[in-house]
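Chemist: The following block contains the structure, expressed as structure tokens.
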Amino acid sequence: LRKFTIKKISNYINYHIGKTLTYLDWVRKGKPVPPPNFIKENTIKKYAKRFKPRVFVETGTNYGEMINVVKYLFSRVISVELNRELYEKSKERFKDYPNIEIFNGDSSDILPKILPQIKEPILFWLDAHYSGDVTAQGQKETPIIEELEAIFNYYTKKSIILIDDARLFIGKNNYPSIEELKNFIKKNNSELRFKIENDVIVIHCK
Numbered sequence: 001l002r003k004f005t006i007k008k009i010s011n012y013i014n015y016h017i018g019k020t021l022t023y024l025d026w027v028r029k030g031k032p033v034p035p036p037n038f039i040k041e042n043t044i045k046k047y048a049k050r051f052k053p054r055v056f057v058e059t060g061t062n063y064g065e066m067i068n069v070v071k072y073l074f075s076r077v078i079s080v081e082l083n084r085e086l087y088e089k090s091k092e093r094f095k096d097y098p099n100i101e102i103f104n105g106d107s108s109d110i111l112p113k114i115l116p117q118i119k120e121p122i123l124f125w126l127d128a129h130y131s132g133d134v135t136a137q138g139q140k141e142t143p144i145i146e147e148l149e150a151i152f153n154y155y156t157k158k159s160i161i162l163i164d165d166a167r168l169f170i171g172k173n174n175y176p177s178i179e180e181l182k183n184f185i186k187k188n189n190s191e192l193r194f195k196i197e198n199d200v201i202v203i204h205c206k
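Numbering follows full-length UniProt numbering, with no gaps: position 10 of the sequence shown is 10.
In structure tokens form, the structure reads like this:
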């Protein structure tokens, strides 16, 4: 038991030392994008703490790493994954967590079906962008406009929208430019603030 405890403490210390060194190296290099994954995880935690929504909705489950980060932060965690194999792996990984629901399909089809059932603020993490490797591609490289249309059709005040990979929004491959996205947001809800933070597009109420 003592050896196990010492090993656990040692692993914890090494993990956090590693994160600190990675962060310092990232800062030293001028905070290039994309940032280390834990920077984006901290961005989610920051807005979860600030706005205190109880529901988390993610598009682009991948291997379920973000679910693992937020599983205790929200009373309900919903994720959508297009790739059948990744979906099944994540379903198996989180089968013992009753607050986690994972759906298989295109997020532009799934969101309009699940959002009408949620009547409270949501923290959205939109990351269903095709990026090669095992990620799946639907009819478009990114369904971001369709996802946002579904969100605004059922938008609950004080919901927060976080969109990953801001650097990709340059007006190509189905990605709107940042300016086009700003105009789209303003057209749908002029009360929302829009900014970019650590390669994440952040949209929330004023």
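Note that the Cβ used here is the ideal one computed from N, Cα and C, for glycine as well.
#1: List in chain order: all unbroken beta strand (DSSP E) runs of 3+ residues lying wholly within the stretch 55 to 92.
#2: What separation, rounded to the nearest whole angstrom, lies between the Cα atoms of Leu111 and Lys7?
#3: Hey, could you find the ends of the beta strand (DSSP E) Asn104 is sitting in?
#4: Quick test of your reading: Ile151 and Pro53, contact by CB under 8 Å. State the CB separation rounded to the nearest angstrom.
#5: Between the stretch 193 to 202 and the stretch 163 to 170, are three or more C-beta pairs nearer than 8 Å?
#6: Mind checking which residues open and close the beta strand (DSSP E) that includes Ile196?
#7: Distance, Cα to Cα, Glu58 vs Ile67?
#8: DSSP state of Phe94, grouped into three classes?
#9: Starting from Leu162, follow its DSSP beta bridges and name the residues at the other end.
#10: Have a look at Lys45 and Lys172 and give me their C-alpha separation to the nearest angstrom.
#11: I'd like the list of long-range same chain contacts for Asn11, defined as Cβ closer than 6 Å, with 5 residues on each side in sequence excluded.
#12: Taking the Cβ atom as the reference point for each residue, do Ile78 and Ile102 lie within a distance shorter than 9 Å?
#13: Taking buried to mean at least 16 other C-beta atoms within 10 Å of its own C-beta, is Ile17 buried or exposed?
#14: If we count the other Cβ atoms within 10 Å of its Cβ and call it buried at 16 or more, is Pro60 buried or exposed?
#15: What did DSSP end up calling Gly132 once you bin it into helix, strand or coil?
#16: Where does Asp96 land, buried or exposed, given buried means 16+ other C-beta within 10 angstroms?
Modeler: Here's the rundown:
#1: 55 to 59, 76 to 81
#2: As a working mapping, residue 111 is identified with position 111 in the sequence shown. As a working mapping, residue 7 is identified with position 7 in the sequence shown. If I take the Cα positions, the gap works out to 43 Å.
#3: Counting from one through the sequence shown, the residue named residue 104 turns up at place 104. For Asn104, the enclosing beta strand (DSSP E) begins and ends at 100 to 104.
#4: For the purposes of this step, residue 151 is identified with residue 151 of the sequence shown, where counting begins at 1. For the purposes of this step, residue 53 is identified with residue 53 of the sequence shown, where counting begins at 1. 13 Å between Cβ atoms; not a contact.
#5: Touching, per the Cβ criterion.
#6: As a position in the sequence shown, residue 196 is number 196, starting the count at 1. Element bounds for Ile196: 192 to 197.
#7: Translated into the one-based positions of the sequence shown, residue 58 becomes position 58. Translated into the one-based positions of the sequence shown, residue 67 becomes position 67. For Glu58 and Ile67, the gap between their C-alpha atoms comes out near 8 Å.
#8: Taking the first residue of the sequence shown as 1, we reach residue 94 at position 94. Three-state result, Phe94: coil.
#9: In the sequence shown, the residue the question calls residue 162 occupies position 162. Looking at the DSSP assignment, Leu162 forms a beta bridge with Trp125, Val202.
#10: Counted from its first residue, the sequence shown places residue 45 at position 45. Counted from its first residue, the sequence shown places residue 172 at position 172. Between Lys45 and Lys172, the C-alpha separation is close to 30 Å.
#11: Position 11 of the sequence shown holds residue 11. Closer than 6 Å at the Cβ level, and outside the excluded window around Asn11, lies no residue.
#12: Position 78 of the sequence shown holds residue 78. Position 102 of the sequence shown holds residue 102. Judged by beta-carbon spacing, Ile102 lies within the 9 Å limit of Ile78, meaning their Cβ atoms are closer than that value.
#13: In the sequence shown, the residue the question calls residue 17 occupies position 17. Exposed, because fewer than 16 other Cβ atoms sit within 10 Å of the Cβ of Ile17.
#14: Here the question's residue 60 lines up with position 60 in the sequence shown. The residue you asked about is not Pro; residue 60 is Gly in the sequence shown. Under this definition Gly60 is a buried residue.
#15: Within the sequence shown, the letter at position 132 stands for residue 132. Confidence in Gly132 is poor, its pLDDT being 48 and thus under 50, which makes the residue's placement unreliable; the coordinate value appears in the next sentence. In the three-state scheme derived from DSSP, where H, G and I count as helix and E and B as strand, Gly132 is classed as coil.
#16: The residue you call residue 96 lines up with position 96 of the sequence shown. Classification of Asp96: exposed, given that the 10 Å Cβ count is below 16.
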